[in-house]
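A.B. asks:
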Amino acid sequence: MTTHSFDNIRNFSIVAHIDHGKSTLADRLIQSTGTVAARDMVEQVLDSMDIERERGITIKAQTVRLEYKALDGKTYILNLMDTPGHVDFAYEVSRSLAACEGSLLVVDASQGVEAQTLANVYHALDAGHEIVPVLNKIDLPAAEPERIKQQIEDVIGLDASDAVPISAKTGLGIDLVLEAIVKRLPPPKGDPDAPLKALLVDSWYDAYLGVVVLVRIIDGTLRKHQKVKMMGTDAHYEVDKIGVFRPKMQDVEILGPGEIGFITAQIKQVADTRVGDTITNERNGCVTALPGFKPAQPVVFCGLFPVDAAEFEELRAAMGKLRLNDASFSYEMESSAALGFGFRCGFLGLLHLEIIQERLQREFNLDLIATAPSVIYNILLRDGTTIDLHNPADMPDIVSIEEIREPWIRATILTPDDYLGAILKLCQDRRGLQIDLNYVGKRAMVTYDLPLNEVVFDFYDRLKSISKGYASFDYNLTDYRAGDLVKMSILVNAEPVDALSMLVHRDRADSRGRAMVEKLRELIPPHMFQIPVQAAIGGKIIARETIRALRKDVTAKCYGGDATRKRKLLEKQKAGKKKMRQFGKVEIPQEAFIAALKMDD
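So the mapping is simple: this note's numbering equals the position in the sequence shown, first residue as 1, plus 66.
(1) By how many angstroms is the C-alpha of Val187 removed from the C-alpha of Leu171?
(2) Does the beta carbon of Leu417 come closer than 7 Å to any beta carbon on chain D?
(3) Cutting at 7 Å between CB atoms, please list the residues of its own chain near Lys623, excluding the five before and the five after it.
(4) By alpha-carbon positions, which one of Tyr541, Lys140 and Phe525 ends up nearest to Gly535?
(5) Does the segment 553 to 564 come within contact of the segment 490 to 506, defined as at least 3 CB pairs closer than 8 Å?
(6) Mapping the DSSP letters down to three states, classify Val521 as helix, strand or coil.
(7) DSSP has Pro598 in a bridge; who is on the other side?
(8) For Ala674, which of Ser233, Gly642, Ala82 and Leu280 has the nearest alpha-carbon?
(9) Quick check on this structure: which residue in Lys235, Ile421 and Ile613 has the alpha carbon closest to the alpha carbon of Arg587?
(10) Thr24: which of Ile422, Ala273, Leu184 and Gly87 sits nearest, CA to CA?
(11) Please report how far the alpha carbon of Leu146 lies from the alpha carbon of Ile590, in whole angstroms.
(12) Tell me whether the beta-carbon of Ala609 lies closer than 7 Å to the beta-carbon of Gly642.
(13) Are the Cβ atoms of His456 and Phe367 separated by less than 7 Å?
(14) Indicate whether the contact test is met: 3 or more Cβ pairs, each with one atom in the segment 173 to 183 and one in the segment 202 to 210, closer than 8 Å.
(15) Run the CB neighbour count on Leu381, radius 10 Å, all protein chains shown included, and call it buried at 16 or more, exposed below.
(16) Just curious, the beta strand (DSSP E) that Leu370 is in, first and last residue?
(17) CB-CB under 7 Å to Pro364, same chain, minus the five flanking residues each way: which ones, in chain order?
(18) Can you tell me whether DSSP reads Val230 as helix, strand or coil?
(19) Pull up the DSSP beta-bridge partners for Gln316, would you.
(20) Relative to the C-alpha of Leu416, which residue among Glu520, Leu636, His195 and Leu132 is closest?
(21) Assuming Leu419 and Leu426 make a contact with CB atoms under 8 Å, what is their CB distance in whole Å?
(22) Within its chain, find whatever has a CB closer than 7 Å to the CB of Ser79; leave out the 5 residues flanking it on each side and keep chain order.
(23) Among the residues of its own chain, which have a CB less than 7 Å from the CB of Val318, if the five just before and after it don't count?
(24) Report yes or no: do three or more beta-carbon pairs, one from the segment 253 to 269 and one from the segment 334 to 348, lie closer than 8 Å?
(25) Quick one: which unbroken alpha helix (DSSP H) runs of 4-plus residues sit fully inside the segment 67 to 96? Chain order, please.
(26) Determine the extent of the beta strand (DSSP E) in which Met296 is found, giving its start and end residues.
(27) Which same chain residues, not among the five before or five after His302, have their C-beta less than 6 Å away from its C-beta?
(28) With 16 as the cutoff for other CB atoms within 10 Å, does Ile218 come out buried or exposed?
(29) Given this structure, state the Cα-to-Cα distance separating Met21 from Arg213, to the nearest angstrom.
(30) Where does Gly642 fall in DSSP's three states?
(31) Checking 7 Å against the spacing of the C-beta atoms, do Asp460 and Ile442 come in under that value?
(32) Taking the beta carbon of Asp113 as the centre, do at least 16 other beta carbons fall within 10 Å, making it buried, or is it exposed?
(33) Can you tell me where the beta strand (DSSP E) holding Glu472 begins and where it ends?
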């Protein structure tokens, strides 16, 4: 088997921290190669979702094929993958990197190397990439290109002496980037005569075409009407349509080694197209599959329930469609006494959770209630077995538990010196253990071990607000450690509300419980009877607030006469309220759930 290299193809991705200008650079590359007509050009042309445009972040990795005529007179095909920068979408990044041979590392020339820059560069180096450093925003008055070059060498260990200086906003230096791509990044290798071997990079659902599959051809060729099979799921299909993205779909007859394109094959189930699977010929296929990707490990779990129970089937269908577009999102059915039927969903982080919830509400017009986000706990029982606990409401009897282990993360925080004290205090308050503290130029780089449970709620928001948005944060799961954790239940009118129960550290339980009941007292509207709101650990009540009853003046019609007439009416009202409290149902409005779950310390 001979391996050819395809000298005129370059597959590359753009990696960077959030807001360092990945999508803008992608725009300029598309514009300067004339891929999109000037009149169709918009800002962030590859961010196709409304949410991406509104929030100014990339959520889905997008791909586009550019044609570039280089200074040496040859025409090159450049396959560009624009990747997300946010920690919750690191899974999207790792998939895109597997389909490329090189990366452009974009660093903001005024901000320098951030936590996420580091994480994404290490992803690219793990994938065996050749890396070209690009210094963006050199037109800003605050830009210090020389200092940042030194910083890239000190922190990442990459040679940055020939980093390409550009301004993606004004288009300065874009031609240098294109030349660097064709000169410094390696071409793909592959054998066109070998059996087909293609990597399934992504799959999503299209209302007109069914499931669209993004593939990177490693060996062999892919044509129309070819019969193929997915090696992981052993599903067989005939290819209907082959094409490439310029960002719009464009049909082609054939895809060869090193090329990135899409296929459709009347696939009904997105489940048949597992990301990372290998596609080969139905007969005489390749023998060994590609290593694929590790499945995404959900980190945060929460329950999603329809506000109107009749919408359950719509929610199930919507989840199925979203799962097609987002392989890192997982769900299973669950039921709750307070909320009826719904789903327990797993996410890669809180931003991921927020985006999925927003997409369900927008794209499928669903009204949803989300329960408190929680993490997976390992519970060691006295009989020696271990179980994974996803939902605090399912916690086994305390008597049978030997110990509860919670997940811990190793967090890297980069911050300007002025905010260091406040950030150290925040980490200490969240039960963090400091591992390391050193300086990268003018900024402090802090490494902490933190329990994931404390990070899940609002750690990221607090970090951003105390550092005025300057601190950057990246984490990865390390291990499970035993902790003194207890289950806190919230009782409304003596009834436990399972959607609000949570596992908390014993030292924090009192303050958490008190804050929760005070919040609920303001959020639950008064009824005709008084309602106690309590936080309890086991049988012990640790906090209580009372919502006062609405009162009707029953003595208004009593004119004069004996005082006993009034007393009789009041006694009757009192007995009625007592009976009401016994049988009355407390309506907890949707907003109260959501607001109560967004806890501020």
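C-beta: ideal position from N, C-alpha, C; glycine also.
C.D. replies: To lay it out plainly:
(1) In the sequence shown, the residue the question calls residue 171 occupies position 105. In the sequence shown, the residue the question calls residue 187 occupies position 121. Taking the Cα positions, Leu171 is about 7 Å away from Val187.
(2) This model lacks chain D altogether, as it is built from one protein chain only.
(3) Position 557 of the sequence shown, counted from the start, is the residue given in the question as residue 623. There are no such residues.
(4) If you number the sequence shown from 1, residue 535 lands on position 469. Per the Cα distances, Phe525.
(5) They do not touch, by the three-pair rule.
(6) The sequence position of residue 521 within the sequence shown is 455, counting from 1. In this structure, Val521 counts as helix in the three-state DSSP scheme.
(7) Position 532 of the sequence shown holds residue 598. According to DSSP, Pro598 bridges with Thr612.
(8) Absent from the structure is residue 674, since the part of the chain shown begins at 67 and ends at 667.
(9) For the purposes of this step, residue 587 is taken as residue 521 along the sequence shown, with counting starting at 1. Comparing Cα-Cα distances from Arg587 to each of Lys235, Ile421 and Ile613, the minimum goes to Ile613.
(10) Lying before the first or after the last residue shown, residue 24 is absent from the chain, which here runs from 67 to 667.
(11) For the purposes of this step, residue 146 is taken as residue 80 along the sequence shown, with counting starting at 1. For the purposes of this step, residue 590 is taken as residue 524 along the sequence shown, with counting starting at 1. Rounded to the nearest angstrom, the two C-alpha atoms are 52 Å apart.
(12) Within the sequence shown, numbered from 1, the residue matching residue 609 stands at position 543. Within the sequence shown, numbered from 1, the residue matching residue 642 stands at position 576. With contacts defined by Cβ atoms closer than 7 Å, Ala609 and Gly642 do not form a contacting pair.
(13) Sequence index remark: in the sequence shown, residue 456 carries index 390 (1-based). Sequence index remark: in the sequence shown, residue 367 carries index 301 (1-based). Yes, the pair counts as a contact, with Cβ atoms nearer than the cut-off.
(14) Yes, they touch.
(15) Taking the sequence shown and counting its residues from 1, the one referred to as residue 381 is at position 315. Note on Leu381: 16 or more other CB atoms within 10 angstroms of its CB, so buried under the neighbour-count rule.
(16) On the sequence shown, residue 370 is found 304 positions in, with the first residue counted as 1. From DSSP, the beta strand (DSSP E) with Leu370 extends over Val366 to Pro372.
(17) Indexing the sequence shown from 1 puts residue 364 at position 298. Here the set comprises Ser396, Gly412, Phe413 and Leu414.
(18) The residue you call residue 230 lines up with position 164 of the sequence shown. Looking at Val230 - three-state DSSP - the assignment turns out to be strand.
(19) Locating residue 316 in the sequence shown gives position 250, counting from the first residue. DSSP output for Gln316 lists Val310 as bridge partner(s).
(20) Position 350 of the sequence shown holds residue 416. Per the Cα distances, Glu520.
(21) Within the sequence shown, residue 419 is the residue found at index 353, counting from 1. Within the sequence shown, residue 426 is the residue found at index 360, counting from 1. About 11 Å separates the two Cβ atoms, so there is no contact after all.
(22) As a working mapping, residue 79 is identified with position 13 in the sequence shown. In chain order, Met147, Thr149, Ser162, Leu163, Cys166 and Ser169 place their CB closer than 7 Å to the CB of Ser79, counting only its own chain and leaving out the 5 sequence neighbours on each side.
(23) Here residue 318 is taken as the residue at index 252 of the sequence shown, counted from 1. Non-local beta-carbon contacts of Val318 in its own chain, meaning distances under 7 Å to residues more than five positions away in sequence, involve Ile308, Gly309, Val310 and Gly327 in chain order.
(24) In the pairwise beta carbon analysis, the segment 253 to 269 is classified as touching the segment 334 to 348: at least three pairs are separated by under 8 Å.
(25) Listed in chain order, there is nothing to give.
(26) Locating residue 296 in the sequence shown gives position 230, counting from the first residue. Its beta strand (DSSP E) spans residues Lys293 to Met296.
(27) Here residue 302 corresponds to residue number 236 of the sequence shown, with the count starting at 1. The residues are Lys295 and Glu348.
(28) Counting from 1 along the sequence shown, the entry for residue 218 is found at position 152. Burial call: buried.
(29) Past the boundaries of the shown model lies residue 21; the chain is included only from 67 to 667, so the question cannot be answered.
(30) Here residue 642 refers to the residue found at position 576 of the sequence shown. The answer is helix: DSSP assigns Gly642 an H, G or I state.
(31) In the sequence shown, the residue the question calls residue 460 occupies position 394. In the sequence shown, the residue the question calls residue 442 occupies position 376. Cβ distance not < 7 Å, so Asp460 and Ile442 don't count as in contact.
(32) Locating residue 113 in the sequence shown gives position 47, where the first residue counts as 1. Caution applies to Asp113, whose pLDDT of 45 falls short of 50 and renders its modelled position unreliable; the model cannot decide the point.
(33) Numbered from its first residue, the sequence shown carries residue 472 at position 406. Under the DSSP assignment, Glu472 falls in the beta strand (DSSP E) whose first and last residues are Ile467 to Pro482.
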